[in-house]
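Structure first, then comments.
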Amino acid sequence: MLKKNLIFIALTLLLAAVPVIVLKNAEFSGADGMAEEAVMAIDPEYVPWFEPLIELPSGEVESLVFSLQAAIGAGALGFILGRMTAGKKEVDSRAQQG
Amino acid sequence: MYTKIAKTAIALSSAAALILLAAAPAGAMHIMEGFLPPLWALIWGFISLPFLVAGYFSIKRQVEVSQKFLVLIAMCGAFAFVMSSLKIPSLTGTCSHPTGVGLGAILFGPSAMAIIGVIVLLFQAFFLAHGGLTTLGANTFAMGIAGPLVSFLVYQLMKRLKVKSSTAVFLAVFSGNMMTYIVTATQLALAHPSDGDVMTSLFKFLGIFALTQIPLAISEGLVTVVVFSVLEKYNGEALKALKVIA
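The listed protein sequences derive, respectively, from chains A and B. For the first sequence, our numbering begins at 1 and goes up steadily by one. For the second sequence, our numbering begins at 1001 and goes up steadily by one.
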């Protein structure tokens, strides 16, 4: 299982890395921003009728909040999975002793 | 069965997970704030509403069956939280992020994911100006309802066909992820037809979202298979109790 999982993780990393290496001139902007442009191209008179409640001061601050989200999620995920796997080992070793 | 320390730890972890859920940001590449006209904003909001109500009761029921499920639900929320925060470069030269809701849909059914989806979306709308409040209904439908529903159905079908669980999980997550973006493109096209032609717009938006999404759907599928295999190994009883595996 471990070997297979490591291969899957390596594949995932590869899938993210290949575009950056291959497409040297791409901007890698967000797909939602492109959709925004497409809406404006289709419907130039469309005026968004509601503004986001907050405006993040810069791309740095935005990536801060995004990484915070990832960190919180990964922390909780690791904690729960860690307890789960450790708990199972404990039960197994107790069963062996008993 | 549990020691006091274990109970405290589980309670703490659940609390942490719940806080995280409440704080859960990012979802898919959602429709931007204000980019659906008021009528469409309302329509999608009303369509999503019954699923959210069903989701609330679905989670409540499963937690009543076993508190262990609460930890698992929280874990699925945490997973969606991480996955949706990762904007990953794609072969189209743009970035998008996975949804992370496929895992929970396989484990707890599609309606439970409506709740996790909406929490993630609310967080992103509030703290990241990503997605939005006026597009919350539409985004919830795409990411929290349509995607998980497809993941759930594909998984159930694969299970019935006795396909290996890792293959089933991969295909379920892949199709759910693609579905989310197909629905997003459809929602945009319906609201913004090109000179009255919805199809032209649909292909335009599909071109933006779906192509970008294919490598990401593969990535999400692979990562979900990894997490699922760990669950299968260490918490097989819970998966059996949820009738996810035989």
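For glycine and all other residues, C-beta sits at the position ideal for the given N, C-alpha and C. Quantities reported herein were computed from a predicted structural model and do not represent experimental measurements.
Under the three-state reduction of DSSP, threonine 1200 of chain B is assigned to helix. For serine 1111 of chain B, the enclosing alpha helix (DSSP H) has its first and last residue at 1110-1128. Against glycine 59 of chain A, chain B offers no close residue; the least beta-carbon distance is about 12 Å (beta-carbon pairs closer than 7 Å). The alpha-carbon of serine 1175 of chain B is positioned some 7 Å away from that of valine 1150 of chain B.
Isoleucine 1088 of chain B carries a strand assignment under DSSP once its states are collapsed to helix, strand and coil.
Interface annotation, lysine 24 of chain A: not in contact with chain B, CB-CB separation never under 8 Å. Those residues of the stretch 84-95 of chain A placed with their C-beta closer than 7 Å to a C-beta in chain B are Met84, Thr85, Lys88, ordered along the chain. Scanning chain A for C-beta atoms nearer than 7 Å to the C-beta of isoleucine 1088 of chain B yields Ala16, reported in chain order. Think of a sphere of 7 Å around the beta carbon of threonine 1212 of chain B: the chain A residues whose beta carbon falls inside it are Ala31, in chain order. For leucine 64 of chain A, not one C-beta of chain B is nearer than 8 Å to its own C-beta. In this structure valine 1173 of chain B is in contact with glycine 1102 of chain B, their Cβ atoms being roughly 3 Å apart against a cut-off of 8 Å. Around the C-beta of glycine 1131 of chain B, 16 or more other C-beta atoms lie within 10 Å, and the residue is accordingly described as buried. In the three-state reduction of the DSSP assignment, serine 1229 of chain B falls in the helix class.
Cβ proximity to chain A below 8 Å picks out Val1223, Val1225, Val1226, Val1227, Ser1229, Val1230, Leu1231, Lys1233, Tyr1234, Asn1235 from the stretch 1223-1240 of chain B.
The count of Cβ pairs closer than 8 Å, one atom from the stretch 49-59 of chain A and one from the stretch 1113-1122 of chain B, stays below three, leaving the stretches out of contact. By the beta-carbon neighbour count (other beta carbons within 10 angstroms, threshold 16), lysine 1087 of chain B is buried.
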